[in-house]
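**Q** Sequence order for the protein chains is H and Z.
Position one of the first sequence corresponds to residue 1 (the working numbering), numbered consecutively onward.
Position one of the second sequence corresponds to residue 1 (the working numbering), numbered consecutively onward.
Handing you this structure, nothing more for now.
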Amino acid sequence: MLRTYEGGCHCGRVRFRIEADLDETPIGECNCSICTKKAILHLPVARERLAILSGADDLATYTFNTGTAKHNFCRHCGIHAFYRPRSDPENYSVNARCLDGYDPRVMQPTRLFDGREWEAHFAKAGAEWEAKA
Amino acid sequence: MLETREGGCHCGRVRFRARVDLDRLSECNCSICTKKGILHLPTDPADFELLRGKRALTAYTFQTGMAQHTFCTHCGMHPFYIPRSQPHRISVNARCLDGIDAASLKPQRFFGGRNWEEAQAKRLAEEGLAPPDPMGGRAGALTLQAILDRAPE
Chain H
1 MLRTYEGGCH CGRVRFRIEA DLDETPIGEC NCSICTKKAI LHLPVARERL AILSGADDLA
61 TYTFNTGTAK HNFCRHCGIH AFYRPRSDPE NYSVNARCLD GYDPRVMQPT RLFDGREWEA
121 HFAKAGAEWE AKA
Chain Z
1 MLETREGGCH CGRVRFRARV DLDRLSECNC SICTKKGILH LPTDPADFEL LRGKRALTAY
61 TFQTGMAQHT FCTHCGMHPF YIPRSQPHRI SVNARCLDGI DAASLKPQRF FGGRNWEEAQ
121 AKRLAEEGLA PPDPMGGRAG ALTLQAILDR APE
């Protein structure tokens, strides 16, 4: 069931609201170079289901390699509340750690994206998704 | 086992070398450690060297202002910081060590930072330590400044 969640960075400048179904959309983890350092727990959210409530001007954007992913973080506290992933740059990946009331006992990652082998894993995940559809 | 490791942020501007013990890895459930997802390796300042990036770092502080939450202003990574619980030491983020596989990192210690005073009292009792000298609330800032002062430009 779709539920509304709010969350944000640590200093409180960046706030967002999303609609997400945590039963249908399992939280993912990735082992690529930046996800390892960020410790992000990925919750994919369609762009129309994420509203930036405040702090859009407080976001810095880091890019590397292909430059597709937009790694946003709060320039004041350095927290990465959400970003635009390379695998789906039109939409968002919200960091489940930044949801208000994040509960590590419930919000455990159940999907692993093998980002160290990004191209191979992206092709495999796409084929699986199409087979399911 | 103590070993010398290097690490850094993602964009490569901030680099450090430290003697760390991966058997002393710890995790904390406080408001900021939760969002950072940091895995802590407590390190003595004498065993830590900032190799480059002093101008790329900024420090975020809140509440008591003791902890110095340093991060790279370019990529937003938090490779190390000065913790409130041990403001004379450095906490290296094990996730930012070179060649680390996060799945292999298993924290053996837990700091219940959501109830900070209680967690600190428990830790000090277990380790038989006296509370750190807050140096008028500036201990964390002074530790960070000392690291930056001896780092190359």
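Even glycine gets a Cβ: it sits at the ideal position worked out from N, Cα and C.
Because the structure is a prediction, the values reported are computed rather than measured.
(1) Rounded to a whole number of angstroms, what is the C-alpha to C-alpha distance between Z:Gln227 and H:Arg13?
(2) Check for me: the alpha helix (DSSP H) holding Z:Glu126 runs from which residue to which?
(3) Cutting at 7 Å between CB atoms, please list the residues of its own chain near H:Asp58, excluding the five before and the five after it.
(4) What residues in the region 67 to 87 of chain H have a beta carbon less than 9 Å from any beta carbon of chain Z?
(5) Can you pull out the residues from the region 23 to 51 of chain Z whose beta carbon lies closer than 9 Å to at least one beta carbon of chain H?
(6) Report the residue from H:Met1, H:Lys38 and H:Glu128 whose alpha carbon sits nearest the alpha carbon of Z:His10.
(7) Starting from the C-beta of Z:Asn139, find all residues in its chain whose C-beta is less than 8 Å away, skip the five residues before and the five after it, and write them out in chain order.
(8) Got a sec: is the Cβ-Cβ distance from Z:Phe71 to anything in chain H below 7 Å?
(9) Since Z:Ile100 meets chain H, which of its residues come closer than 8 Å, beta carbon to beta carbon?
(10) Any residues in the region 9 to 41 of chain H with a beta carbon nearer than 9 Å to a beta carbon of chain Z? Which ones, in chain order?
(11) Could you tell me which of H:Phe16, H:Ile52, H:His42 and H:Ser87 sits nearest to H:Gly126, measuring between CA atoms?
(12) Check H:Lys37 in the structure and name its three-state DSSP category.
(13) With 7 Å set as the bound, which would you pick, yes or no: does the beta-carbon of H:Tyr62 sit closer than that to a beta-carbon of chain Z?
(14) Quick check on H:Arg3 - is its C-beta less than 7 Å from some C-beta in chain Z?
(15) Got a sec: which bits of the region 79 to 111 of chain Z sit with their beta carbon under 9 Å from any beta carbon on chain H, in order along the chain?
(16) Can you pull the DSSP bridge partners for H:Val53?
(17) Determine, using beta-carbon pairs with one atom in the region 37 to 45 of chain Z and one in the region 15 to 26 of chain Z, whether at least three such pairs fall under 8 Å.
**A** Taking the geometry as given:
(1) Here chain Z comprises residues numbered 1 to 153, so residue 227 of chain Z is not present and cannot be evaluated.
(2) Here residue 126 of chain Z is taken as the residue at index 126 of the second sequence, counted from 1. Trp116 to Glu127 is the extent of the alpha helix (DSSP H) around Z:Glu126.
(3) Position 58 of the first sequence holds residue 58 of chain H. Same-chain partners within the cutoff: Arg13, Val14, Cys74, Arg75 and His76.
(4) His71, Asn72, Phe73, Cys74, Arg75, His76, Cys77, Gly78, Ile79, His80 and Ala81
(5) Asn29, Ser31, Ile32, Thr34, Lys35, Lys36, Gly37, Ile38 and Leu39
(6) As a working note, residue 10 of chain Z is residue 10 in the second sequence. Of the listed residues, the one whose Cα sits closest to Z:His10 is H:Lys38.
(7) Reading the second sequence from its first residue, position 139 is the one you call residue 139 of chain Z. Note that residue 139 of chain Z is Ala in the sequence shown here, rather than Asn. Met66, Pro87, His88, Pro132 and Asp133, listed in sequence order.
(8) If you number the second sequence from 1, residue 71 of chain Z lands on position 71. It does; some Cβ of chain H falls within 7 Å.
(9) Along the second sequence, one-based indexing puts residue 100 of chain Z at 100. Thr36, listed in chain order.
(10) Cys9, His10, Cys11, Glu29, Asn31, Ser33, Ile34, Cys35, Thr36, Lys37, Lys38, Ala39, Ile40 and Leu41
(11) Working through the first sequence from its first residue, we reach residue 126 of chain H at position 126. The candidate whose alpha carbon is nearest that of H:Gly126 is H:Ser87.
(12) Indexing the first sequence from 1 puts residue 37 of chain H at position 37. If DSSP states are grouped into helix, strand and coil, H:Lys37 belongs with the helices.
(13) Here residue 62 of chain H is taken as the residue at index 62 of the first sequence, counted from 1. Taking Cβ atoms only, chain Z reaches closer than 7 Å to H:Tyr62, which makes this a yes.
(14) On the first sequence, position 3 is the one that residue 3 of chain H refers to. No, H:Arg3 lies away from the interface with chain Z (no Cβ there is under 7 Å from its Cβ).
(15) Pro79, Asn93, Arg95, Cys96, Ile100, Asp101, Ala102 and Ala103
(16) Here residue 53 of chain H refers to the residue found at position 53 when the first sequence is read from its first residue. According to the sequence shown, residue 53 of chain H is Leu rather than Val. According to DSSP, H:Leu53 bridges with nothing at all.
(17) yes
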